[in-house]
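Residue numbering for the sequence shown follows this note's numbering, beginning at 241 and increasing consecutively. No residue lacks a Cβ here, since even glycine has one placed at the ideal position from N, Cα and C. Below is one structure; the comments refer to it alone.
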Amino acid sequence: MIVNDVVRENRLILAHVYTATGALVIGALFGLLQAYSRADLVSAPAWFDYYRMLTVHGVLMALVFTTFFITGIALFSTYRAIPRERSVAWGWWSFLLMLIGTLMAAVTILSGNATVLYTFYAPLKAHPAFYFGATFLVLGTWMVGYEILENIAWWKRDHRDERVPLVVYCAAVTFIMWFIATLGVVAEMGLLIPWSLGWTSGINVMLTRMFFWYFGHPLVYFWIMGAYLIWYNILPKRYAGHTLSDGLTRLVFLMLLLLSTPVGIHHEFMEPAIASTWKFLHTITTFGVAVPSFMTAFAIFASFELAARARGKRGFIATVTNLPWGDPVFTGPALGMLLFIIGGFGGVVNASYAMDSLVHNTIWIVGHFHVTVGGPVALSFIGAAYWLVPALTGRKLFAPKLALWQTYMWFVGMLIMSIAMHWAGLLGSPRRTSEVTYLGAQAAAAWHPEMIATAIGGTLLYISILMFVIVAVGTRLRNQTEPGLAYTPVEFATPQPGSGTTPPVLDHFGRWAVLAVVLALAAYAGPFTELLSQHAYLAPGLRTW
Ligand code: HEM
Ligand SMILES: [Cu+2]
């Protein structure tokens, strides 16, 4: 293994991580402006309206920041766990495709030609450049997924009877899930692109929405799996612990592969065009997909406890105080886990039809996904970046105390902002709305204090993001710890000794992928055919879908 090869790989991974950071910084600025607008502190000018901002924020945060970070960490895991001489040309082509796609979509939104929000389904229509850009971004991620699987195939040749290294396994299952999920985007683009080019005179709005949510729910599990990869494989080293069990970790990822897709209709509970049978079916699978998250909560806390016991500490308090609360690589993901408790609670509300009808389309929903994707996911990525960037550059983390305070500040900011959003949602404050004072209407006055609290939380978050940037850029500019050492070797967590052997069947990616596709088809065949037949009613005289 030649040092130069590692340095070449590292440059590629850094490109992913810094692109993610750039998206986070720019995207968050718009988030802050939205929070101020809703608190009646600023008004968006006519030449750059609120919904354009909201589209930039949603796309950069939900689709660009998360995706580039996950592609970065998945490649890093693969390259480090399977060291070999390899060309990075394919890697750079995939990065370039992702980047070009992102820039095309971003420019189209910023110029006001794609104010379609990050959910981009019809009837909102964008310039074709936006749809092509989004498609290129997805195709680039497929190339990254192929790279991971190709490395596993190469490794398998000499390790026929061994288990795939756990961290690579996690990355691979994440990307298999992603392949299946993004087929929804491809199908949706098949409707949107001809329509936006003017080749079809109408579009099946409901079908585009269903294709979006076929993708939109597994999208959130793509983020969660990125965070879990960190929790199971990177975090235990920070508290001198182990991954609880190799087999359990693989099982968790497989369950996420199987159950992430057949649940998307829980985003369409209020959709009159979809029969309640399908809504009920997807509710059941939704409660099923919560199981691997409960298993993860158990596994992580058990791992905390075993690490404390190894040091002779017993009991809840000793277990918690044994953890490294002064290490930002730990506090990022750990504080994220705390936020996930609120996220899980809200998720159960959203997944329950009757309660969802109360919070549907209110700012409660926005509070929910900030405390999930903006909590465990973003904080885990940020914490991991504090480990990843020094590992990739051979430099020490710049201003570690600032990094530490950054994670706590994010936690407090997100807590304030999302609780305020949940509360305002219960009072009826709508989401995706710039002006929620309704010219001083009595009912709207009820949620004004929550909107101010949202703006305060958002401000703390933005300061926290600026602190992150100082640390990220400072680390890059630092001198190397040892001159000439352009990277730091890393170790991934190992399973708890005595935690048992892993059944080989868990490693048969192909079979599990087929089962995942079958489940997805079974969950969507019914509503799909139903929406096709209802189309004549939705758009009389048009058969162009
Ligand atoms: C500085 C931190 C942040 C602030 C102040 C902020 C603020 C906001 C606000 C006020 C909205 C709601 C607007 C509305 O419905 O009218 C919003 C929407 C959204 N935010 Fe954030 N946010 C921040 C960070 C994040 C992060 C870290 C993520 C994800 C990684 C994220 C993802 C989203 C998404 C996906 C939407 C929905 C857009 C839509 O409805 O189309 N935000 N944000
Ligand atoms: Cu969902």
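Is the beta carbon of ASN473 closer than 9 Å to that of SER317?
With respect to the 9 Å criterion, SER317 and ASN473 are classified as neighbours on the basis of their beta carbons.
Return the first residue and the last residue of the alpha helix (DSSP H) that LEU655 is part of.
640 to 666
Where are the alpha helix (DSSP H) runs, 4 residues long or more, that stay fully inside the segment 483 to 567, in chain order?
Taking only runs of at least 4 residues, the alpha helix (DSSP H) segments lying wholly in the segment 483 to 567 are 486 to 499, 516 to 529, 531 to 550 and 556 to 561.
Any non-hydrogen atom of ligand 1 closer than 8 Å to ALA346 Cβ:
Within 8 Å of the C-beta of ALA346 there is not a single heavy atom belonging to ligand 1.
If contacts are defined as beta-carbon pairs under 8 Å, then GLY267 and PHE305 qualify, I think. What distance do you get, rounded to the angstrom?
6 Å
By the 10 Å Cβ neighbour count, where 16 or more other Cβ atoms means buried, how is TYR371 classified, buried or exposed?
buried
Check whether the Cβ of GLY466 lies closer than 8 Å to any heavy atom of ligand 4, and answer yes or no.
Ligand 4 is not among the ligands present in this structure, which contains only ligand 1 and ligand 2.
Local conformation of ARG478 per DSSP, three classes:
It is helical.
Does the beta-carbon distance from PRO616 to GLY583 come in below 9 Å?
yes
Own chain, CB closer than 8 Å to VAL529, minus 5 neighbours either side, in chain order
TYR461, MET495, LEU496, LEU499, SER500 and VAL503
Taking all protein chains shown into account, do 16 or more other C-beta atoms lie within 10 angstroms of the C-beta of ILE557, making it buried, or fewer, making it exposed?
exposed
Less than 8 Å between the CB of ARG672 and some heavy atom of ligand 1, yes or no?
yes
Among all the DSSP beta bridges, which residues are the ones paired with GLN720?
Residue pairing by DSSP places GLN720 opposite ARG635 in a beta bridge.
Runs of alpha helix (DSSP H) wholly within the segment 285 to 371 (minimum 4 residues, chain order):
290 to 298, 306 to 321 and 329 to 350
Which residues does DSSP pair with THR602 in a beta bridge?
PRO670
Within 10 angstroms of the Cβ of TYR276, are there 16 or more other Cβ atoms? Answer buried if so, exposed if not.
buried
Report the option in GLU387, TRP650 and LEU644 whose CA atom is closest to the CA atom of THR612.
TRP650
Would you give the residue range spanned by the alpha helix (DSSP H) that ASN444 belongs to?
Per DSSP, ASN444 belongs to no alpha helix (DSSP H) and is neither H nor E.
VAL226: beta carbon under 8 Å from a heavy atom of ligand 2?
The question about residue 226 has no answer, for the chain in this structure spans 241 to 785.
Mind checking who LEU735 pairs with in its DSSP beta bridge?
It should be noted that the sequence gives Pro, not Leu, for residue 735. Paired residues: THR483.
Using DSSP with H/G/I as helix, E/B as strand and the rest coil, what is ARG397?
helix
Just the C-alpha distance for GLY380 and ARG251, rounded to the nearest angstrom, thanks.
17 Å
Between LEU377 and LEU303, is the Cβ-Cβ spacing less than 9 Å?
yes
Environment of PRO729 [buried if 16+ CB atoms lie within 10 Å]:
exposed
Buried or exposed: which applies to TRP287, given that a residue is buried once 16 or more other Cβ atoms fall within 10 Å of its Cβ?
exposed
From which residue to which residue does the alpha helix (DSSP H) around ALA685 run?
682 to 685
Just checking my contact of THR570 with PHE309 at CB under 8 Å: how many whole Å lie between their CB atoms?
According to the sequence displayed, residue 570 carries Phe and not Thr. About 18 Å; that fails the 8 Å criterion.
Just the C-alpha distance for GLY262 and ALA329, rounded to the nearest angstrom, thanks.
23 Å
Could you tell me the distance, in whole angstroms, from the CA atom of LEU254 to the CA atom of ARG716?
10 Å
Buried or exposed by the 16-neighbour rule on C-beta atoms within 10 Å, applied to TRP439
exposed
Are the segment 660 to 676 and the segment 687 to 695 touching by the rule of at least three beta carbon pairs closer than 8 Å?
yes
Hey, LEU315 and VAL407 are a contact pair by Cβ (cut 8 Å); roughly how many whole angstroms apart?
In fact, because the Cβ distance is near 12 Å, the residues do not count as touching under 8 Å.
My understanding is that ALA345 touches ALA374, with C-beta atoms under 8 Å, so please give their C-beta distance in whole angstroms.
5 Å
Decide yes or no for the touch test of the segment 385 to 397 against the segment 424 to 442: beta carbon pairs closer than 8 Å, at least 3 of them.
By the criterion of at least three beta-carbon pairs nearer than 8 Å, the segment 385 to 397 is not in contact with the segment 424 to 442.
How many angstroms separate the CA atom of PHE732 from the CA atom of LYS477?
7 Å
For ligand 2, I want to know if THR786 counts as a neighbour, meaning its beta carbon is within less than 8 Å of at least one of the ligand's heavy atoms.
The requested residue 786 is not part of the displayed model; the chain covers only 241 to 785.
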